[in-house]
Amino acid sequence: MKNIRELRDSTKLTQKEFAKRYSIPLSTLRKWKQGETRPPRYLVKLIEESLPVSKERLKKIVSKTNKTYYVDIENKRVCDSLGNWISFKEDFNGVIESNSAIYIERLFNGFYELVENFNDDLYYDKKEKILWG
């Protein structure tokens, strides 16, 4: 995980611009830079994940059904062609590339099935007014 300074440097934003973009008081950002205090780890991770990923860090994977995915191995997340990111825990290095395309496609198929179910639930809840549990 990078530190706040590295993240800010990668955005090429000034301290003031960076603080404004992420709703961080400028005085707090300066305290982090000077080492007076440290930002919470979760916050650093959230900012890191919100930054655009350089193409050099992404591994392009195309499935047998011709769907394209991008893996950010460093941050353990994968993206589909629609820009949906899904994080994973297991280390991706060493996985057989042809298998990885199968795993990723199955992951996104499951994701879209869940999204469809969720949308159906919302639709029918509004229409039928059923109270669950």
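Taking my numbering, the leading residue of the sequence shown gets 381, the next gets one more, and so forth.
Just so it is clear, CB atoms sit at the ideal spot from N, CA and C, and this is done for glycine as well.
Distance CB(residue i)-CB(residue j) smaller than 8 Å
i      : j      : result
Ile484 : Ile441 : yes
Ser390 : Leu431 : yes
Val424 : Asn383 : yes
Asn464 : Phe498 : no
Phe472 : Val451 : yes
Lys481 : Lys506 : Note that residue 481 corresponds to Ala in the displayed sequence, not to Lys. For Ala481 and Lys506, no; Cβs fall outside 8 Å.
Exposed unless 16 or more other CB atoms sit within 10 angstroms - verdict on residue i
i      : result
Val475 : exposed
Nearest-angstrom Cα separation, counted from residue j out to residue i
i      : j      : result
Lys413 : Glu470 : 32 Å
Leu417 : Glu477 : It should be pointed out that residue 417 corresponds to Thr in this sequence rather than to Leu. Going by the C-alpha atoms only, they are around 43 Å apart.
Tyr422 : Lys439 : 25 Å
Ile510 : Asn489 : 28 Å
Glu429 : Lys392 : 16 Å
Asn479 : Gln395 : 43 Å
Asp501 : Glu436 : 40 Å
Tyr504 : Lys411 : 50 Å
Trp512 : Arg486 : 30 Å
Cutoff 6 Å; reference residue i; Cβ partners in own chain excluding five residues on either side
i      : result
Ala399 : Leu406, Leu409
Thr448 : Val442, Ser461
Arg457 : Trp465, Ser467
Chain-order list of residues whose beta-carbon lies under 8 Å from that of residue i (same chain, five-residue window excluded)
i      : result
Ile427 : Ile384, Leu387, Tyr402
Just to confirm the assignment: which complete alpha helix (DSSP H) runs, minimum length 4, are found wholly within the region 411 to 493? Complete alpha helix (DSSP H) runs here, min 4: 421 to 430.
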